[in-house]
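Trainee:
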Amino acid sequence: MESQSILIKNVTMPLSSTKRGSVLIENDLILEVGRDGRDHADVVIDGEGKVLIPGLVNTHTHLSMTLFRGIADDLPLGTWLEDYIWPVEAHLDGEHCYAGALLGALEMIRTGTTCCSDMYFFMDEIARALDESGLRGVICHGMIDTGIEEKRKNEIKETQRIIDKCHNTAEGRITVALGPHAPYTCSEELLRWSREKADQEGLQIHMHVSETKDEVQNVLESTQRRPFEYLDSLGLLGDDLLAAHGVWLSNDEISLIKERGVKLSHCPVSNMKLASGISPITELTRCDVCVSLGTDGAASNNNLDLFQEIKTATLLQKINQMDPTVLPARKVLEMATVDGARALGMENQIGTIEVGKKADLILVDMNAPHLTPPGNHMSHLVYSAGGSDVDTVICNGKILMQNKEILALDHVEVLSLAREAADDLLQRR
Ligand SMILES: [Zn+2]
């Protein structure tokens, strides 16, 4: 393969130790970060008036649920799931999932996310969409057995099929994790199997834990333990576990999470929209628990713009604590970048602008009324910018969007494919 180099020059890098200068990319890697001076590369991007930050990492998505965007809002979680989401999901096929994932990928490129951690069904179709879009992703088949042995066998078989077909594919951009859906939808046997499999094959585990008060109550009644204590009794907690939500936590559970090195995906917009509650992120980050950010599915958000998650996360903690100093701008930006990378066990590959790391980078255009005067970049990125300010997206050394023009996918085609898939799905309801 012919080598390809990209030089981004005259750029400000608020999250890096080199605050201003240039970045040279060769193939998939960052080759140099330093002062301006060099002028030659296959592609030269002038970063004047823009800031360069690591590509954002969205650690909890259900990409295909973009097809359900807007079909049911302002409803209690039970009604939302039972009357709207599950009846539609019952008719899903691989083509729907592919179309929805492609739409999600397009939206992520538009808004500066270069890596996601996705749990859903027909995951080989999600892998296909991620592969075509040029993005990076950790995918898992969401396993639900509700204590039924036959279901368990099928879920394990499907997980194995996805591992065999998709793990370490797309030039290494796609890896597979294990996805036991939640402590209340999986049997003890399935949870134990997930731990064993993770240990054997060095795979991550991605799971919903303690999203609602009702869930904690249910787990307490059936196991006499709170969700994280129950999972610990099965040996499930470890530094390879990414727990989504973690809203309702006791102090003992916070200690357990810290001791076991469990990583969290905080999804503030989804938690607020479904009125699930407020996760104690201030306490968790104070004791150095790794907390990353996720949008959750587009049915409960309703978009995949991680900039909205960044702003919401910090505002929600400030009002919850009645303290404007908590979760400052730098910390919440780290949650969306380097802590996201840590949450996926990928901190050696992505999450910062450093020599030797994968070239997953985004340029944000600061030449806009709401980002003027240019004084404090970190503040602008958190409190005033939105995904639509993202100008250029590079993932694995490939330019997926430049000057707000999507190069990786055909915008018109993806939208029409998604509209058709959503129509087809809703007609089957
Ligand atoms: Zn979820």
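Converting from the sequence shown to the working numbering requires adding 1 to each position, the first position being numbered 1. Even glycine gets a Cβ: it sits at the ideal position worked out from N, Cα and C.
(1) Alpha carbon to alpha carbon, how far is D37 from K10?
(2) Given a cut-off of 9 Å on the beta-carbon distance, is the pair W81 and L305 in contact?
(3) Give the C-beta separation of A178 and D132 to the nearest angstrom, bearing in mind that I take them to be a contact with Cβ-Cβ under 8 Å.
(4) So, using beta-carbon positions, are Y121 and M66 closer together than 9 Å?
(5) Would H182 be called buried (16 or more neighbouring beta carbons within 10 Å of its own) or exposed?
(6) Is M120 near ligand 1, judged by its Cβ being under 8 Å from some heavy atom?
(7) Three-state secondary structure (DSSP) at V1?
(8) In whole angstroms, give me the CA-to-CA distance for D253 and F229.
(9) Which whole-angstrom value describes the C-beta separation of I140 and I157, a residue pair presumed to lie in contact below a C-beta threshold of 8 Å?
(10) Just list the residues that DSSP pairs Y121 with in beta bridges.
(11) If you check the beta carbons only, do V34 and M367 fall under 9 Å apart?
(12) I'd like the span of the alpha helix (DSSP H) that includes E212, first residue to last.
(13) Might you give, ordered along the chain, the residues of its own chain that have their beta carbon closer than 6 Å to the beta carbon of P88, omitting 5 neighbours on each side?
(14) Given 8 Å as the limit, is there contact between the region 102-122 and the region 134-148, that is, 3 or more CB pairs closer than that?
(15) Would the region 242-262 and the region 278-289 be scored as touching if the rule is three or more Cβ pairs under 8 Å?
(16) Say yes only if the C-beta of H267 is nearer than 8 Å to one or more non-hydrogen atoms of ligand 1, and no if none qualify.
(17) Which residue's Cα is closest to the Cα of L57: L426, A106, N28, D75?
(18) Report buried or exposed for G41, applying the criterion of at least 16 other Cβ atoms within 10 angstroms of its Cβ.
(19) Could you check if A91 belongs to the surroundings of ligand 1, using beta carbon to heavy atom distance under 8 Å?
(20) Based on the DSSP output, what are the partners of V52 in its beta bridges?
(21) Enumerate, from N- to C-terminal direction, the unbroken alpha helix (DSSP H) stretches of 4 or more residues contained entirely within the region 168-238.
(22) Counting along the chain, where does the alpha helix (DSSP H) carrying I354 start and finish?
(23) Flag this pair as yes or no: are the beta carbons of I360 and G352 separated by less than 9 Å?
(24) Three-state secondary structure (DSSP) at M402?
Mentor: On the basis of the coordinates in this document:
(1) The sequence position of residue 37 within the sequence shown is 36, counting from 1. The sequence position of residue 10 within the sequence shown is 9, counting from 1. Rounded to whole angstroms, D37 to K10 spans 6 Å at the Cα level.
(2) The residue given as residue 81 occupies position 80 in the sequence shown. The residue given as residue 305 occupies position 304 in the sequence shown. No, the Cβ-Cβ distance between W81 and L305 is not below 9 Å.
(3) Within the sequence shown, the letter at position 177 stands for residue 178. Within the sequence shown, the letter at position 131 stands for residue 132. In fact, because the Cβ distance is near 17 Å, the residues do not count as touching under 8 Å.
(4) Translated into the one-based positions of the sequence shown, residue 121 becomes position 120. Translated into the one-based positions of the sequence shown, residue 66 becomes position 65. For Y121 and M66, yes; Cβs fall inside 9 Å.
(5) Numbered from 1 along the sequence shown, position 181 holds the residue referred to as residue 182. H182 is buried by the Cβ-count criterion.
(6) The count along the sequence shown starts at 1 and reaches residue 120 at position 119. Flag set: Cβ of M120 near ligand 1.
(7) This structure gives no information on residue 1, because the portion of the chain shown stretches from 2 to 430.
(8) Start at 1 with the first residue of the sequence shown, and residue 253 comes out as number 252. Start at 1 with the first residue of the sequence shown, and residue 229 comes out as number 228. Computed Cα separation, rounded: 9 Å.
(9) As a working note, residue 140 is residue 139 in the sequence shown. As a working note, residue 157 is residue 156 in the sequence shown. Between I157 and I140 the Cβ distance is about 16 Å, and since that is not below 8 Å, they are no contact.
(10) Taking the sequence shown and counting its residues from 1, one reaches residue 121 at position 120. Bridge partners of Y121: H142.
(11) Within the sequence shown, the letter at position 33 stands for residue 34. Within the sequence shown, the letter at position 366 stands for residue 367. Cβ distance not < 9 Å, so V34 and M367 don't count as in contact.
(12) Numbered from its first residue, the sequence shown carries residue 212 at position 211. Looking at the DSSP string, E212 is not in any alpha helix (DSSP H), and its letter there is neither H nor E.
(13) Stepping through the sequence shown from its first residue, residue 88 is reached at position 87. Excluding positions up to five away in sequence, the list reads R430.
(14) yes
(15) yes
(16) As a position in the sequence shown, residue 267 is number 266, starting the count at 1. No, since every heavy atom of ligand 1 falls outside the 8 Å radius drawn around the Cβ of H267.
(17) Translated into the one-based positions of the sequence shown, residue 57 becomes position 56. Nearest of L426, A106, N28, D75 to L57, Cα basis: A106.
(18) The sequence position of residue 41 within the sequence shown is 40, counting from 1. Strictly speaking, residue 41 in this sequence is His, with Gly absent from that position. By the neighbour-count rule (16 or more Cβ atoms within 10 Å), H41 is not buried but exposed.
(19) Taking the first residue of the sequence shown as 1, we reach residue 91 at position 90. For ligand 1, not one heavy atom lies less than 8 Å from the Cβ of A91.
(20) Here residue 52 refers to the residue found at position 51 when the sequence shown is read from its first residue. Note: V52 sits in a beta bridge opposite T13, V365.
(21) 189-202, 214-224, 228-234
(22) Stepping through the sequence shown from its first residue, residue 354 is reached at position 353. Careful: I354 lies outside any alpha helix (DSSP H) and carries neither H nor E.
(23) Walking along the sequence shown from the start, residue 360 turns up at place 359. Walking along the sequence shown from the start, residue 352 turns up at place 351. Per the sequence shown, residue 360 should be read as Ala rather than Ile. Not a contact, by the Cβ cut-off of 9 Å.
(24) Position 401 of the sequence shown, counting from 1, holds the residue named residue 402. Looking at M402 - three-state DSSP - the assignment turns out to be strand.
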